[in-house]
Structure formats: C-alpha cells, structure tokens
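S.K.: Below is one structure. I have some questions about it.
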Amino acid sequence: MALRVGLIGFGYWGPNLARNFGEIRGVSVTAVADRRADRREAVAARHPAVRLFEDPAELIARPDVDAVVVATPVSTHYELGLAALKAGKDVLIEKPLAATGAEAEMLVEVAAREGRVLMVDHTYVYAGAVRKIADLVDTGELGEIRYYDSLRINLGLFQSDVSVMWDLAIHDIALLQYLVRRRFLTVQATGGCHLGEGLESVAHLTLGLDGGAQAHVNVSWISPVKIRQTIIVGDRKMLLYDDLEPDEKIKVYDRGVVFDEDRPALLRDYRIGDMWSPRVDRREALAGVCAHFVQCVQTRARPLTGGPEGVESVRVLEAAQWSLRHAGQLVKL
Ligand SMILES: NC(=O)c1ccc[n+]([C@@H]2O[C@H](COP(=O)([O-])OP(=O)(O)OC[C@H]3O[C@@H](n4cnc5c(N)ncnc54)[C@H](O)[C@@H]3O)[C@@H](O)[C@H]2O)c1
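Numbering-wise, the working numbering comes out as the position in the sequence shown, counting from 1, plus 6.
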C-alpha cells in the first residue's frame, strides 16, 4: 500500500528526511509545511510535485497525508506531534521527542489512545556501525559493557531553543539505551556557555546505569574540529567507534586487565591481543530510520525507537539539565 508522507520543517534536517522518504518504493512525500517562505521555495525547487503549506495545521488536516514527520525545533515537537496524532496520523518526530518529560509522556499516551505509531528519530541506532556493535554485544564478543566514553564535538550548529546537551548528548543516551539495555540510575552534568550568551554550548555528562556500567559524554558546539569518537569497554574486549572514519569505523581490541585476587593490585596483568576492524554496512543511517518507520506504519509494529525510548531519553536530559544548573549535583533517576 502506498504511503503518503507530510513533512513539517524544511530547515537543515528536513531535506534529508524528504530525500530519504522519497527514495523508498511505494512512499511519496506529498506535502511539506514550513513557516518560512524561502524554505518553501527550496522545497519547490527540489520537489516540484509537493504541496506546500505555511501553516502545519493545514498539512495535518489533509486526507492525502497518511503519516506526519516533524523536523522543526524541539520546542514545537509536542504541539505539532500532538495535533498530528489527534488527527489520526502516524508520526515520526525528530530527536529529542519533546522538550519535557511530561510532554513526551502525553505524546505516548495519545498515540496509544489513538492507536497510532509514534517513533522518534534516534538516528544512530540505525547506523551500520552501531548495528555491528550491537552484534558484538549480542554474541558476547565484548562481554558485559562496563564503560562508555564519547566525544561528540564540532563548531555549531547552534540550535535556537535547546542547549548542546539536548542537541548532541541525546545521541549517546539513545546509543546507551540500544547497546547497554540497562536503566539509567544517576546523572551528573556540568557545562557552560563559553562563547556568546544563552544556552550551554559545552556539556559533560556522567551517567550511571543499572548493573554498574558508567558513561561519560562530552559534547560541544565550540570545537575547531569535528570529532565523533566513542570508546566502549566490555569485560572481554574493548572497541573504538569513530563515525567519521571512512573505512574502519570500528576497531575491536582484544585488550583487558587480568585481575588476580591473590596478587597485589600493582601486579595486574594486561592482556594486549589483536585488533580487528569488522565490516560495516555503509548505508545512510537516516535511510534506515525512514525504512523502519514505513515498516512500522505498514505492519503496525512497535518501533525500535518509539515513545518509551523517547520518554526515557528526555527524562535523562531533563535531569542532566537540572544537574548542570546546580553545579553538577548528582541526580537519581
Ligand atoms: N537526527 C539527527 O541527526 C538530526 C540532525 C539535525 C537536526 N535534527 C533535529 O531536527 C529538528 C530540526 O532541526 P534543524 O537543525 O533542521 O532546524 P532548522 O532551524 O534548520 O529547521 C527548522 C525548520 O522548521 C521550520 N519551522 C519552525 N517552526 C515551525 C512550525 N511551527 N511550523 C512549520 N515550520 C516550522 C523553520 O522555518 C525551519 O525551516 C530538531 O528537532 C533537531 O534536533 C536531527
């Protein structure tokens, strides 16, 4: 059955969604809404057959729109997502799902009441490299994940309504949900606005997970270089995931520390074994997001990154925001 998608927001990310949905057989982007005339002109230039709207309510009301994709600033996700769900549409919302936990929970409640699919675009969960890391977790190759350390920094893009934490650390929270599969127990965050004024442009989060795993996440909009590196330490093996590396995105190290209870701490053995780089599916992660949403709409399956994952990640961000504004106090979740 053909699926007709309506897209709200054609700024930086919206065009990528339009392109990826447009490439799926049996799916067409029939309508785009954006408040800005120049962005509607950009749609007309790239997708001449698409109906254009200034007011998203008109797009949501269209009978020839089956599913709505929300790619507007975070502060608008709730209002637009809610209107689309209430109009009986299946909905994909950009990360993070909403600006508060209460809003995110309400979206989940309404989606359940209306029997609609609600999915959040936690893009990296659909990246080939992350799928490969999940395989390494599932097969026991890495062992139990004990530690996760991520550096996600670049210059910009400053968001108008959320801090860098809501913009970038959300990716790590989603990866931790998908890879470690444990509840978040604690969060501490520090950070600041080091250039200009307003929302924090640098943040450091420390997260404690059930079972003892710990994560550290460093995000910034004011770095001279773009870095996307994550170290994941299991109790059997360790890996480095560099998303910007063209060929060897993942390097798995057969390294570890051998603890012997009968020997003093200074006499630990270090295991330095081989390093290998597994082959990774190089398809665009967003193509996977769009394909998964279409599959969930057509089969009425529960999305891998659905309402519950969206709510939990927003709750973690909310707690981190509180900690950041209270000198890094530990928050129990
Ligand atoms: N998944 C990812 O990796 C990824 C990457 C970038 C951005 N995003 C997400 O995409 C969303 C949009 O980010 P962006 O960087 O494209 O922002 P942007 O500011 O570049 O674009 C937003 C667009 O939405 C339009 N808009 C705003 N409010 C509207 C409304 N009420 N009705 C209709 N149009 C409206 C604006 O005119 C603008 O063209 C955010 O939630 C962001 O977190 C996700």
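Even glycine gets a Cβ: it sits at the ideal position worked out from N, Cα and C.
Remember, it's a predicted structure, so these values are computed and weren't measured experimentally.
In angstroms, rounded to a whole number, what distance separates the CA positions of I256 and G294?
M.R.: Residue numbering aside, residue 256 sits at position 250 when the sequence shown is read from its first letter. Residue numbering aside, residue 294 sits at position 288 when the sequence shown is read from its first letter. I256 and G294: Cα-Cα distance of roughly 19 Å.
S.K.: Would you kindly check if the distance between the Cβ of G15 and the Cβ of D40 is under 9 Å?
M.R.: On the sequence shown, position 34 is the one that residue 40 refers to. On the sequence shown, position 9 is the one that residue 15 refers to. Yes, Cβ-Cβ distance for D40 and G15 is below 9 Å.
S.K.: Does DSSP put F190 in a helix, in a strand, or in coil?
M.R.: Here residue 190 corresponds to residue number 184 of the sequence shown, with the count starting at 1. F190 falls in the strand class under three-state DSSP.
S.K.: Span of the beta strand (DSSP E) holding P230?
M.R.: Within the sequence shown, residue 230 is the residue found at index 224, counting from 1. From DSSP, the beta strand (DSSP E) with P230 extends over I228 to G240.
S.K.: With burial defined as no fewer than 16 other Cβ atoms inside 10 Å of the residue's Cβ, what is the status of F265: buried or exposed?
M.R.: Start at 1 with the first residue of the sequence shown, and residue 265 comes out as number 259. By the neighbour-count rule (16 or more Cβ atoms within 10 Å), F265 is not buried but exposed.
S.K.: Would you mind sorting E353 into buried or exposed? The rule is 16 or more other CB atoms within 10 Å of its CB.
M.R.: Past the edges of the chain, shown from 7 to 339, lies residue 353, and the structure says nothing about it.
S.K.: What is the residue span of the alpha helix (DSSP H) that T305 lies within?
M.R.: Within the sequence shown, residue 305 is the residue found at index 299, counting from 1. Element bounds for T305: A291 to T305.
S.K.: Between the Cα of D249 and the Cα atoms of R269, L86, R137 and V186, which residue gives the shortest distance?
M.R.: Here residue 249 refers to the residue found at position 243 when the sequence shown is read from its first residue. The option with the nearest alpha carbon to D249 is R137.
S.K.: Let's see if you can read the secondary structure: which residues bound the beta strand (DSSP E) around K257?
M.R.: Here the question's residue 257 lines up with position 251 in the sequence shown. Its beta strand (DSSP E) spans residues I256 to V264.
S.K.: Label S166 either buried or exposed according to how many other C-beta atoms from any shown protein chain fall within 10 Å of its C-beta, with 16 as the threshold for buried.
M.R.: By 1-based counting over the sequence shown, the position of residue 166 is 160. Answer is exposed; the Cβ neighbour count stays below 16.
S.K.: Measuring only the C-alpha atoms, how far is M171 from S226?
M.R.: For the purposes of this step, residue 171 is taken as the residue at position 165 of the sequence shown. For the purposes of this step, residue 226 is taken as the residue at position 220 of the sequence shown. C-alpha separation (whole angstroms): 8 Å.
S.K.: Under the three-state reduction of DSSP, which class applies to T129: helix, strand or coil?
M.R.: Indexing the sequence shown from 1 puts residue 129 at position 123. Three-state DSSP puts T129 in a helix.
S.K.: Quick one: is I176 buried, meaning 16 or more other Cβ sit within 10 Å of its Cβ, or exposed?
M.R.: As a working note, residue 176 is residue 170 in the sequence shown. Classification for I176: buried.
S.K.: With DSSP as the reference, please indicate the residues paired to D155 in a beta bridge.
M.R.: Here residue 155 corresponds to residue number 149 of the sequence shown, with the count starting at 1. For D155, which the question treats as bridged, DSSP gives the partners H222 and I237.
S.K.: List the residues that DSSP assigns as beta-bridge partners of I278.
M.R.: Here residue 278 corresponds to residue number 272 of the sequence shown, with the count starting at 1. In the DSSP output, where bridge partners are listed per residue, I278 has R261.
S.K.: Heavy atom of ligand 1 less than 8 Å from the Cβ of E327, yes or no?
M.R.: For this step, residue 327 is matched to residue 321 along the sequence shown. According to the sequence as given, residue 327 is Gln; it is not Glu. For ligand 1, not one heavy atom lies less than 8 Å from the Cβ of Q327.
S.K.: Hey, could you find the ends of the alpha helix (DSSP H) R42 is sitting in?
M.R.: Here residue 42 corresponds to residue number 36 of the sequence shown, with the count starting at 1. It is not in any alpha helix (DSSP H) - R42 carries neither H nor E in the DSSP assignment.
S.K.: Should W19 be listed as close to ligand 1, given that the test is whether its C-beta is under 8 Å from any heavy atom?
M.R.: In the sequence shown, residue 19 corresponds to position 13, counting from 1. Correct: W19 has its Cβ closer than 8 Å to ligand 1.
S.K.: DSSP three-state call for F27: helix, strand or coil?
M.R.: Residue mapping note: residue 27 aligns to position 21 of the sequence shown, counting from 1. Helix at F27.
S.K.: Examine ligand 1 and report whether any of its heavy atoms sits within less than 8 Å of the Cβ of A77.
M.R.: Residue mapping note: residue 77 aligns to position 71 of the sequence shown, counting from 1. Within the cutoff, so yes.
S.K.: Under 9 Å, do R10 and D70 count as touching if we go by C-beta distance?
M.R.: Within the sequence shown, numbered from 1, the residue matching residue 10 stands at position 4. Within the sequence shown, numbered from 1, the residue matching residue 70 stands at position 64. A contact, by the Cβ cut-off of 9 Å.
S.K.: Just grab the DSSP bridge partners of K338 for me.
M.R.: On the sequence shown, residue 338 is found 332 positions in, with the first residue counted as 1. T192.
S.K.: Any idea which residues DSSP pairs Y84 with across the strands?
M.R.: By 1-based counting over the sequence shown, the position of residue 84 is 78. None; Y84 has no bridge partner.
S.K.: So, are the CB atoms of G197 and S169 less than 9 Å apart?
M.R.: Numbered from 1 along the sequence shown, position 191 holds the residue referred to as residue 197. Numbered from 1 along the sequence shown, position 163 holds the residue referred to as residue 169. The answer is yes: Cβ separation under 9 Å.
S.K.: Which residues bound the alpha helix (DSSP H) around G313?
M.R.: Within the sequence shown, the letter at position 307 stands for residue 313. Here the alpha helix (DSSP H) through G313 covers G313 to R331.
S.K.: With K95 and R122 assumed to form a contact (beta carbons below 8 Å), what rounded beta-carbon distance in angstroms separates them?
M.R.: Against the sequence shown, residue 95 aligns to sequence position 89. Against the sequence shown, residue 122 aligns to sequence position 116. So it is a contact: roughly 7 Å between Cβ atoms.
S.K.: Which of the three DSSP states is assigned to R10 in this structure?
M.R.: As a position in the sequence shown, residue 10 is number 4, starting the count at 1. R10 falls in the strand class under three-state DSSP.
S.K.: Between the region 215-233 and the region 134-148, are three or more C-beta pairs nearer than 8 Å?
M.R.: Short answer: they don't touch.
S.K.: Taking 7 Å as the limit between beta carbons, can you name the residues of its chain near I278, skipping five residues before and five after?
M.R.: Numbered from its first residue, the sequence shown carries residue 278 at position 272. Taken in chain order, the residues that qualify are R261.
S.K.: Does the distance between the C-beta of L310 and the nearest non-hydrogen atom of ligand 1 fall short of 8 Å?
M.R.: Numbered from 1 along the sequence shown, position 304 holds the residue referred to as residue 310. Checking the Cβ of L310 against ligand 1 gives no.
S.K.: Going by the C-beta, is F299 closer than 8 Å to any heavy atom of ligand 1?
M.R.: If you number the sequence shown from 1, residue 299 lands on position 293. It does not: the Cβ of F299 is nowhere closer than 8 Å to a heavy atom of ligand 1.
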